[in-house]
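Right, one structure below, let's go through it.
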């Protein structure tokens with residue numbers, strides 16, 4: 095079936111494509127209904143990657159946080175009209191066994207597999223009218239969940255992935271650095287899956303006040319020492335991540351574990367002397383896998399959790415054509431508020 | 326019930342190709358008519374499809390429906406000598422099996438770039454108003470000439486639209502319009518909306534899209550092929 099698709103072809107340039115969808119035997123056709131723009135999408139939009147990397151990526155459909163409706167599923171796993179989230183991390187069936195396979199490791203998993211595909215990174219994303227997608231990577235959303243809210247499933251799954259990256263007892267006090275969307279989602283998700291106290295650290299008090307955590311601190315506040323943190327998550331990314339990581343290194347207790355989730359394009363300087371002196375461990379986290387999505391959707395069955403996540407929806411932007419799509423990216427670039435605009439596809 | 330009537334009775338005399346009608350021409354591995362049928366077959370609000378086809382191409386169509394697993398086609402109807410008679414044949418076939426309030430979505434098989442949004446808007450507006458036409462505003466100034474040599478008048482562009490398909494109707498209204506035309510021996514209308522207007526009924530507008538163009542010439546075929554870019558990055 096023919097369908098419209100928006101591909102980024104060079105920085106700040108989208109082209110309209112008409113794609114012919116051909117379903118493989120294990121795929122269904124999904125009509126994309128709602129999506130959200132991620133920081134990684136904005137980097138591709140601005141061309142904020144090195145020239146060669148972009149050369150291998152363009153042209154490509156952006157967006158990997160999306161919800162759609164099943165149009166056709168010849169595998170009969172879904173019925174037409176079922177609402178699903180699309181898991182952007184796909185392990186190809188043809189993948190060769192890796193020498194040191196991490197897919198079965200609970201603390202790592204498929205999202206660290208070097209052979210995996212990730213929509214809007216090394217595989218076309220969801221900025222299109224329809225997508226043919228493997229049914230194994232589609233998950234039905236709970237009936238009581240508003241579909242536009244379900245676009246946050248991907249970020250919640252990333253929070254769950256970050257949580258399983260380190261083995262915790264469940265009662266530790268956790269510090270989350272970052273007053274942005276991921277910081278909010280991680281700290282909110284932790285409240286539902288972790289028994290210990292959650293504190294958040296950020297720069298903007300207006301945003302911090304909106305967090306659902308037991309306590310918050312402005313960055314630099316010496317009161318953070320009193321929390322006796324043994325676990326900290328960095329959710330800052332970009333140019334400010336060095337500042338955040340160095341503060342964590344300063345404020346966390348000896349033997350503490352630091353989980354890094356933010357992407358900094360440039361190499362950043364961190365205080366390795368103190369890492370050594372305090373015997374700290376640093377963990378990297380990226381993306382999530384299908385199991386994390388399943389857990390995220392299970393959390394979404396709780397209406398209290400839905401209420402806690404819903405303030406992140408700033409507004410709904412109708413995408414009737416490619417000019418609306420440009421506008422949505424430009425608006426997200428200028429967004430300084432805590433939350434995201436949700437794109438509603440009406441192509 | 327919402328029934329799509331796909332018109333595939335034309336021969337494509339303007340294309341130059343003589344061995345097959347234009348709707349059976351292959352575009353990137355699939356005949357144009359299959360591209361069109363897939364859009365309707367996968368539309369959640371379309372309950373059934375009737376295809377009006379040249380009798381000598383009926384078996385070829387059956388083979389295509391089987392090959393491409395088009396499941397909603399319930400009627401294969403022989404085309405008439407004109408477009409109007411083809412639609413009339415469809416109306417006669419559907420009338421005993423549909424109710425008067427069912428919506429009939431009439432579409433050219435050679436407009437493969439019709440979208441689900443256009444079809445949904447057609448159905449919603451036809452349910453509300455009884456008759457709708459899909460149109461796009463005219464970007465070019467249209468001039469009227471009677472003799473083909475001199476301009477007779479230049480109508481105001483803001484009042485001009487280009488008609489596309491689908492055209493959608495409540496079955497009873499479409500049947501009444503065709504029966505009146507038949508009774509009055511008006512047999513060569515190229516537009517069902519005109520017949521509905523002749524009946525004294527109103528026809529509302531639904532916004533179409535420039536890409537929903539009709540493949541009638543070789544240039545159109547070239548455009549369609551250019552539009553369907555094979556722009557897929559490495560897939561599974």
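Protein chains in written order, with this note's numbering: chain A, 95 to 441; chain B, 326 to 561.
C-beta atoms are modelled at their ideal positions from N, C-alpha and C, and glycine is treated no differently.
Because the structure is a prediction, the values reported are computed rather than measured.
Residue pairing by DSSP puts residue 436 of chain A in a beta bridge opposite A/130, A/410. For residue 407 of chain B, the CB contacts under 6 Å within the same chain, skipping 5 residues up- and downstream, are 513 in chain order. Taking 9 Å as the upper bound on Cβ-Cβ separation, chain B lies near residues 163, 165, 166, 168, 174, 175, 184, 186, 187 of the stretch 162-187 of chain A.
Ranked by how close their Cα comes to the Cα of residue 499 of chain B, the residues B/345, B/465, B/457 have B/457 in first place. In the displayed model, residue 397 of chain A falls within a helix according to three-state DSSP.
Per DSSP, the continuous beta strand (DSSP E) segment holding residue 493 of chain B begins and ends at 486-495. In this structure, residue 392 of chain A sits away from residue 250 of chain A, with a CB-CB distance that is not shorter than 7 Å. Note: residue 154 of chain A is bridge-paired with A/102 in the DSSP secondary-structure output.
Around the Cβ of residue 417 of chain A, a 10 Å sphere holds fewer than 16 other Cβ atoms; the residue is exposed.
Contact annotation for residue 112 of chain A against chain B: 438, 536, 552, 553, 554 [CB-CB distance below 8 Å, chain order]. The beta carbon of residue 350 of chain A sits closer than 6 Å to the beta carbons of 324, 374 from its chain, once the five residues preceding and following it are set aside; these are given in chain order. The Cβ atoms of residue 183 of chain A and residue 212 of chain A sit closer than 7 Å to each other. Not one beta carbon of chain B lies nearer than 7 Å to the beta carbon of residue 412 of chain A. Excluding residues up to 5 positions away in sequence, 108, 138, 139, 152, 153, 154, 156 lie with their Cβ nearer than 7 Å to the Cβ of residue 102 of chain A in the same chain.
Within the stretch 486-512 of chain B, no residue has its Cβ closer than 9 Å to any Cβ of chain A. For the stretch 134-187 of chain A, the continuous beta strand (DSSP E) assignments of 3+ residues that do not extend past its boundaries occur at 159-167, 177-180, in sequence order. Minimum Cα-Cα distance from residue 395 of chain A among the listed residues A/361, A/286, A/370 corresponds to A/286. Interface flag for residue 370 of chain B against chain A is unset, since no Cβ pair is found closer than 7 Å. A direct Cα-Cα distance of roughly 22 Å separates residue 158 of chain A from residue 402 of chain A. For the C-beta of residue 446 of chain B, not a single chain A residue is nearer than 8 Å; the gap to the nearest is close to 10 Å. Taking the CA atoms as reference points, residue 262 of chain A sits about 34 Å from residue 177 of chain A. Listed by position along chain A, the residues whose Cβ is nearer than 7 Å to that of residue 442 of chain B are 440, 441. Judged by DSSP secondary structure, residue 368 of chain B falls outside any beta strand (DSSP E); it is assigned neither H nor E.
Beyond the five residues adjoining it in sequence on each side, residue 219 of chain A comes within less than 6 Å, by CB distance, of 155, 156, 157, 158, 213 in the same chain, given in chain order.
By the 16-neighbour rule on beta-carbons within 10 angstroms, residue 515 of chain B is exposed. Taking C-beta separations shorter than 7 Å and ignoring five residues to either side along the sequence, the partners of residue 470 of chain B in its chain run 476, 477, following chain order.
Scanning chain A for C-beta atoms nearer than 7 Å to the C-beta of residue 360 of chain B yields 96, reported in chain order.
C-alpha of residue 440 of chain B to C-alpha of residue 441 of chain A: approximately 8 Å in a straight line.
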